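Chemist: This is the structure I want to talk about, given as structure tokens.
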Amino acid sequence: MTYTQLALAGVLAAAALDLALLRTALLRRTAFWTAYAIMAFFQLITNGLLTGLPIVRYDPRRIVGWRVVHAPAEDLLFGFALILTTLSLWVWLGGRGVTRAGR
Amino acid sequence: MSHFAYLLILAACLLGTLPLEIVLRVGVYRQWRRLALTLLPVLVVFGGWDGYAVDRGMWTYDAHYLIGVTLPGRLPLEEALFFVVIPICAVLTYEAVLARRPGWARR
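Here is the structure:
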């Protein structure tokens, strides 16, 4: 398996969680896409540092080779999956009433 | 100092987003139970995924920039913290967007 396949699988799994499992439908909300755009911008900065210093090194055989500010394109997919999964869980928990500090 | 590089990047992420909680008052840290329940599965799933990728050699870490604590599964501590810090930042960002544009919550 390559990082590319892993990252794509992650995006699909996160989308399934959001749309089918938890039905939080973040993917249909402007607020999600706005938040993601902001996060993606900062991801390019932090990822740029992580892969530019480099703190992390990628096996060139396992990635497609497209890079955005040093970071493999797969990192953007991975980040998208991470953010979508996180927000889906957060919103779902909120819908279940897990909002107040005491609950 | 270089060994703290990754940790410093993560700390900067938390510090940079702190105003959202304190000034914008989005109340994410206040909902600590909800936050913990969100972070735990994310850490387990993505930490596991990450560990798998590292195990398969998809990427490697430069020890020069890490403090040297490795968790079971070959995951550097910093990487596990990444899966705590970045989700926190994501939730803060999302709630901040909602605080400024409540209408954008609509599906």
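Those sequence lines, one after another, are chains Z and D.
Read in order, the letters of the first sequence correspond to residues 1 to 103 in the numbering used here.
Read in order, the letters of the second sequence correspond to residues 104 to 210 in the numbering used here.
Backbone N, C-alpha and C fix where the C-beta goes; we use that ideal spot for every residue, glycine too.
Treat the numbers as computed from the prediction; the structure is a model and nothing was measured.
Does chain Z have any CB closer than 8 angstroms to the CB of Arg-210(D)?
Modeler: yes
Chemist: How would you label Ser-88(Z), buried or exposed, when you count the other beta carbons within 10 angstroms and need 16 or more for buried?
Modeler: buried
Chemist: Using beta carbons (cut-off 8 angstroms, strictly below), is Ala-31(Z) in contact with chain D?
Modeler: Chain D has a Cβ within less than 8 angstroms of the Cβ of Ala-31(Z).
Chemist: Rounded to the nearest angstrom, what separates Pro-190(D) and Leu-82(Z) at their Cα positions?
Modeler: Distance between the alpha carbons of Pro-190(D) and Leu-82(Z): 7 angstroms.
Chemist: For a test of the three-state rule: what should DSSP assign to Val-126(D), helix, strand or coil?
Modeler: coil
Chemist: Assuming Leu-195(D) and Val-131(D) form a contact by the criterion Cβ under 8 angstroms, report the distance between their Cβ atoms to the nearest whole angstrom.
Modeler: 5 angstroms
Chemist: Go ahead and pull the three-state DSSP assignment for Ala-81(Z).
Modeler: Helix, per DSSP.
Chemist: Would you say the beta carbon of Met-39(Z) is closer than 7 angstroms to some non-hydrogen atom of the ligand ATP?
Modeler: In the structure on display, the ligand ATP does not appear, and there are no ligands present to speak of.
Chemist: Leaving aside the five residues before and after His-70(Z) along the sequence, list all residues of the same chain whose C-beta is less than 8 angstroms from its C-beta, in chain order.
Modeler: Asn-47, Gly-48, Thr-51, Gly-52 and Pro-54
Chemist: Answer yes or no: does any C-beta atom of chain D fall closer than 8 angstroms to that of Arg-103(Z)?
Modeler: At Arg-103(Z) the pLDDT is 43, less than 50, meaning the model places this residue with poor confidence and gives no usable figure here.
Chemist: Identify the contact partners of Pro-54(Z) in chain D, using a Cβ-Cβ distance below 7 angstroms as the criterion.
Modeler: Within chain D, the C-beta atoms nearer than 7 angstroms to that of Pro-54(Z) come from Asp-165, in chain order.
Chemist: Would Arg-57(Z) pass as a contact of Asp-158(D) if the rule is Cβ separation under 8 angstroms?
Modeler: The Cβ-Cβ distance between Arg-57(Z) and Asp-158(D) does not fall below 8 angstroms.
Chemist: Quick check: what's the CA-CA separation for Val-147(D) versus Trp-207(D)?
Modeler: So the two alpha carbons sit approximately 30 angstroms from each other.
Chemist: Taking beta-carbon pairs under 7 angstroms, can you tell me which members of the stretch 78-98 of chain Z lie near chain D?
Modeler: Interface annotation for the stretch 78-98 of chain Z against chain D: Leu-82, Ile-83, Thr-85, Thr-86, Leu-87, Leu-89, Trp-90, Leu-93, Gly-94 and Val-98, criterion Cβ-Cβ distance under 7 angstroms.
Chemist: Would Tyr-109(D) and Leu-169(D) qualify as a contact pair, given that the criterion is a beta-carbon distance under 8 angstroms?
Modeler: yes
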